[in-house]
Amino acid sequence: MVKIALVSCGTEYSGIQKEIEKAALTFGAEIILPEIDLDYIEESYTKFGFSAQSSSLKLMIARAMSIVEGRCKADAVFVASCFRCAEAALVRNEVRRFLQENSRIPVVTYSFTEKTKADELFIRMEALVTTVARRSILAREKQEGLTLGIDSGSTTTKVILMENNKVIGTGWNPTKDIMESVYKGTEQAFAETDYGWDDLDGIGTTGYGRITIGKELNAELIQEELSVNAKGAVYLADKQRGEATVLDIGGMDNKVITVNNGIPDNFTMGGICAGASGRFLDMTSRRLDVDITELGPLAVSGDYRNAVLNSYCIVFGIQDLVTTLAAGGSKADVADAACHSVAQQVYEQQLQEIDIREPLIQVGGTSLITGLVEAVSTTLGGIDVIVPDYSQHIGAVGAALLVSGLGTRQEDKKA
Amino acid sequence: MVKVAIYPPNSLVLGDLIERKGHTVLALQKAMSKKVRDPEIDSPPMNITEEDPLKGLKYAAIEVPSGVRGRMAVIGPLIDEAEAAIIVDDAPIGFGCIGCARTNELTMFCLRKKDIPKLELEYPTNRDETFDFVGKINKFLDTLDGEGGN
Amino acid sequence: MSANLAISPELSKEELDPDFTTRMIILGPKANVSENEIVSQMHLLDLPITVKWTCYGAMVSGNEEDVMMAIKEIRKLDPYNIFTKSRGFPPGDPRRCRGHRYGPREGFHQMESEYRILADVGDALKNPKDVLIEKPKPVDVDELVEIVNESIEKEDSAEK
Chain Y
12 MVKIALVSCG TEYSGIQKEI EKAALTFGAE IILPEIDLDY IEESYTKFGF SAQSSSLKLM
72 IARAMSIVEG RCKADAVFVA SCFRCAEAAL VRNEVRRFLQ ENSRIPVVTY SFTEKTKADE
132 LFIRMEALVT TVARRSILAR EKQEGLTLGI DSGSTTTKVI LMENNKVIGT GWNPTKDIME
192 SVYKGTEQAF AETDYGWDDL DGIGTTGYGR ITIGKELNAE LIQEELSVNA KGAVYLADKQ
252 RGEATVLDIG GMDNKVITVN NGIPDNFTMG GICAGASGRF LDMTSRRLDV DITELGPLAV
312 SGDYRNAVLN SYCIVFGIQD LVTTLAAGGS KADVADAACH SVAQQVYEQQ LQEIDIREPL
372 IQVGGTSLIT GLVEAVSTTL GGIDVIVPDY SQHIGAVGAA LLVSGLGTRQ EDKKA
Chain L
21 MVKVAIYPPN SLVLGDLIER KGHTVLALQK AMSKKVRDPE IDSPPMNITE EDPLKGLKYA
81 AIEVPSGVRG RMAVIGPLID EAEAAIIVDD APIGFGCIGC ARTNELTMFC LRKKDIPKLE
141 LEYPTNRDET FDFVGKINKF LDTLDGEGGN
Chain V
6 MSANLAISPE LSKEELDPDF TTRMIILGPK ANVSENEIVS QMHLLDLPIT VKWTCYGAMV
66 SGNEEDVMMA IKEIRKLDPY NIFTKSRGFP PGDPRRCRGH RYGPREGFHQ MESEYRILAD
126 VGDALKNPKD VLIEKPKPVD VDELVEIVNE SIEKEDSAEK
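Residue numbers (the numbering used here), protein chains in the order written: chain Y, 12 to 426; chain L, 21 to 170; chain V, 6 to 165.
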């Protein structure tokens with residue numbers, strides 16, 4: 012069993028300990044607490060150098076230290092503290108950095124509330140277990156052979172065909188019947204080449220539909236989107252070493268992933284407000300009567316400060332934009348205001364929960380809206396934002412990359 | 021016999037001294053004991069559930085971290101019940117229930133603002149201070165309610 | 006059994022009784038009795054209690070009245086060096102058992118640090134005395150100025 016060391020100041024007091032363990036157990040892992048004595052706590056806390064007032068944070072530091080010093084045999088570490096606790100957030104991030112800088116053990120962090128349930132933790136635990144069990148796969152930095160990556164999302168299905176470290180075909184269409192969308196997307200990808208199903212070395216799947224598709228196509232890799240998207244993003248942005256943040260503002264939900272040497276270590280996802288999603292921009296472009304692909308350049312040419320936008324809400328915010336237009340405001344200013352509104356709302360709702368590390372790699376369909384990318388950078392104080400090629404196909408690229416080396420279809424045929 | 025709240029709420033020395041004088045110590049472990057042996061709750065290890073941080077709203081606002089409110093759901097009722105209090109500043113580090121500085125600050129404040137006999141003193145760092153510490157606590161306990169003490 | 010830490014225990018009927026209590030008997034560093042003696046003495050009391058030998062002394066559990074009676078009797082062996090504290094979890098509870106959790110429960114560290122003053126606490130109980138505690142005060146300003154001047158003078162003469 013994979014041993015996940017829990018480094019926290021009190022998951023038990025928020026009533027979520029059982030949920031954490033349930034999530035770990037689902038993926039064949041068990042939670043352990045590093046054993047330490049009182050002298051060691053004081054010694055390691057002094058060595059670490061963070062003067063925390065809460066003794067459980069000292070305990071947290073000592074537990075991390077015991078993992079780094081090899082006193083505790085752990086395969087992975089889950090670092091967690093209460094949401095909205097400033098003291099714990101500081102220690103949580105420093106402990107995370109300390110573990111990553113001084114060991115090769117994968118780390119995932121989380122800030123919880125009493126409402127945290129096991130299913131919210133599933134993807135984190137799965138990513139941790141994956142990193143442990145499949146470290147060699149995640150270490151892959153180059154794609155080899157001919158591989159197909161499929162990302163079956165809730166709204167769209169993306170397909171990527173790669174050959175010898177190059178993307179040679181792409182497919183993209185709305186997810187209707189899961190398999191039908193996959194076959195259609197794959198046809199699109201093959202259409203740009205002379206290859207067909209029989210030429211593939213391997214298939215990798217990710218996204219909500221990954222298991223169904225994976226079984227149907229006998230995929231060599233079926234992987235959650237956290238590891239795959241993180242890997243795909245740093246691969247395309249050529250940032251496989253060091254730290255980065257991956258931001259995906261989706262049509263329905265948003266993902267923010269922090270990455271260290273290509274391996275994800277924290278993640279936040281939200282989907283409760285349409286005003287913080289691509290949907291808001293979709294509505295705006297319809298109101299402005301421009302194609303969504305034109306919205307970005309239009310926004311870049313405008314100035315959001317000239318448009319009155321008193322609400323982030325998809326209902327009231329859009330009404331404000333209409334009012335601005337009626338009062339003679341320019342389409343460009345309105346487009347820019349919409350982009351800023353979404354960027355700020357994503358910041359309010361999600362980016363504040365996570366320690367943003369530069370560079371920020373923006374991916375997903377909305378990363379093609381240049382006005383939004385600019386607005387994200389402004390909102391984060393002018394941070395460096397990279398939008399790599401094929402950013403809208405990130406999951407599929409990640410899957411195609413990670414499956415290379417696993418697929419032996421052509422060799423099997425010869426044998 | 022007087023019910024004495026203590027800080028740290030799980031102190032061995034304070035609890036022992038109070039009981040020696042025949043008073044009742046409002047120890048955290050006793051509250052935990054009831055909780056962890058409640059057959060109706062299945063939220064190991066502490067049997068603190070999602071409901072507890074909500075109960076903690078009586079002592080701290082919703083914007084306060086869930087861990088503070090969850091701990092206050094157990095410590096708060098002890099403060100409510102207190103008829104006297106002994107608060108020790110700079111006590112040695114304790115973990116778990118009392119491992120959160122924010123909870124501890126709130127606990128001490130709630131005890132201090134209560135209109136009950138209180139003794140506040142510092143944790144001893146040497147032999148003389150320990151004699152002074154024990155002496156002051158015993159004298160304080162003797163002043164509480166004539167029925168107490170032995 | 007699941008390998009998880011937070012497993013749901015199967016408590017006995019006795020442990021589920023609201024009057025059930027668990028007490029830790031802690032022997033101070035100057036105790037004249039051994040853990041062994043404490044445990045045997047407890048057994049001799051013939052009370053319906055469960056006694057367990059531990060690294061710090063003993064753990065006794067049962068009906069609160071019986072447990073407190075046992076503690077009262079056992080304290081007589083060495084009144085100033087036998088301390089007691091209640092424990093939240095029943096003995097051997099898998100939610101808090103050291104062997105199962107790979108580490109000591111959090112409360113143990115608290116006890117470990119308080120143990121360090123138990124010898125003096127025992128002495129203070131045995132022979133109470135009033136002591137004068139002088140808190141160190143910040144150094145007097147004039148004295149500080151004098152010290153600063155002295156060290157400057159020293160440095161100056163060293164440079165020459």
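By construction, the Cβ of each residue, glycine as well, lies at the ideal position given by its N, Cα and C atoms.
Fair warning: this is a prediction, and the values are worked out from it, not measured in the lab.
- Under the Cβ distance rule, residue 121(L) counts among the residues neighbouring chain Y, one pair being separated by less than 7 Å.
- Here residue 374(Y) carries a strand assignment [DSSP, helix/strand/coil].
- Inside the region 116-197 of chain Y, DSSP marks whole beta strand (DSSP E) runs of 3 or more residues at positions 118-123, 157-163, 167-174 and 177-185, from first to last along the chain.
- Rounded to the nearest whole angstrom, the CA to CA distance from residue 164(V) to residue 147(V) is 26 Å.
- The three-state reading of DSSP puts residue 45(V) in helix, counting H, G and I together.
- In this structure residue 382(Y) touches residue 310(Y) by the C-beta definition: roughly 2 Å separates them, less than 8 Å.
- Between the alpha carbons of residue 65(Y) and residue 99(Y) lies a gap of roughly 9 Å.
- Interface with chain Y (7 Å Cβ-Cβ cutoff): residue 114(V) is included.
- A Cβ of chain L is located within less than 7 Å of the beta carbon of residue 122(V).
- Membership of residue 264(Y) in any beta strand (DSSP E) is not indicated, and neither H nor E is assigned to it by DSSP.
- Against chain L, a Cβ distance below 8 Å from residue 129(V) picks out 150, 151, 153, 154 and 155.
- Note that the region 336-350 of chain Y touches the region 311-319 of chain Y; at least 3 beta-carbon pairs, one per stretch, sit closer than 8 Å.
- Around the C-beta of residue 40(Y), 16 or more other C-beta atoms lie within 10 Å, and the residue is accordingly described as buried.
- Not flagged as an interface residue toward chain L: residue 56(V), since no C-beta distance is shorter than 7 Å.
- Here residue 218(Y) carries a strand assignment [DSSP, helix/strand/coil].
- At a cut-off of 7 Å between beta-carbon atoms, residue 74(L) makes no contact with chain V.
- At a Cβ-Cβ threshold of 7 Å, residue 90(Y) and residue 18(Y) count as neighbours.
- Interface residue (Cβ-Cβ distance to chain Y less than 7 Å): residue 160(V) is not classified as such.
- Note that the region 130-149 of chain Y touches the region 34-54 of chain Y; at least 3 beta-carbon pairs, one per stretch, sit closer than 8 Å.
- No Cβ of chain V is located within less than 7 Å of the beta carbon of residue 139(Y).
- Cβ neighbours of residue 176(Y) within its own chain (closer than 8 Å, five residues either side excluded): 153, 154 and 155.
- If you check each beta-carbon in the region 61-83 of chain Y against every beta-carbon of chain L, the ones closer than 7 Å belong to 64, 65, 66, 67, 69 and 70.
- Residue 159(Y) is not a Cβ neighbour of residue 72(Y), given a cutoff of 7 Å.
- For the set 47(L), 149(L) and 67(L), the Cα lying nearest the Cα of residue 99(L) is the one of 47(L).
- For residue 62(L), a Cβ of chain V is located within less than 7 Å of the residue's own Cβ.
- Under the DSSP definition of a beta bridge, residue 113(V) lacks any partner.
- Taking 7 Å as the threshold, the shortest C-beta distance from residue 49(Y) to chain V falls below it.
- Residue 59(Y) and residue 50(Y) have their C-alpha atoms spaced approximately 14 Å apart.
- When secondary structure is reduced to three states using DSSP, residue 276(Y) falls in the strand class.
- If you look at residue 105(L), you'll find it in the beta strand (DSSP E) that goes 104-109.
- In the same chain as residue 379(Y), and ignoring 5 residues on each side of it, the C-beta atoms closer than 8 Å to its own belong to 304, 307, 398, 402 and 403, in chain order.
- By the beta-carbon neighbour count (other beta carbons within 10 angstroms, threshold 16), residue 363(Y) is exposed.
- Taking residue 34(L) as reference, the option from 64(L), 96(L) and 111(L) with the minimal CA-CA separation is 111(L).
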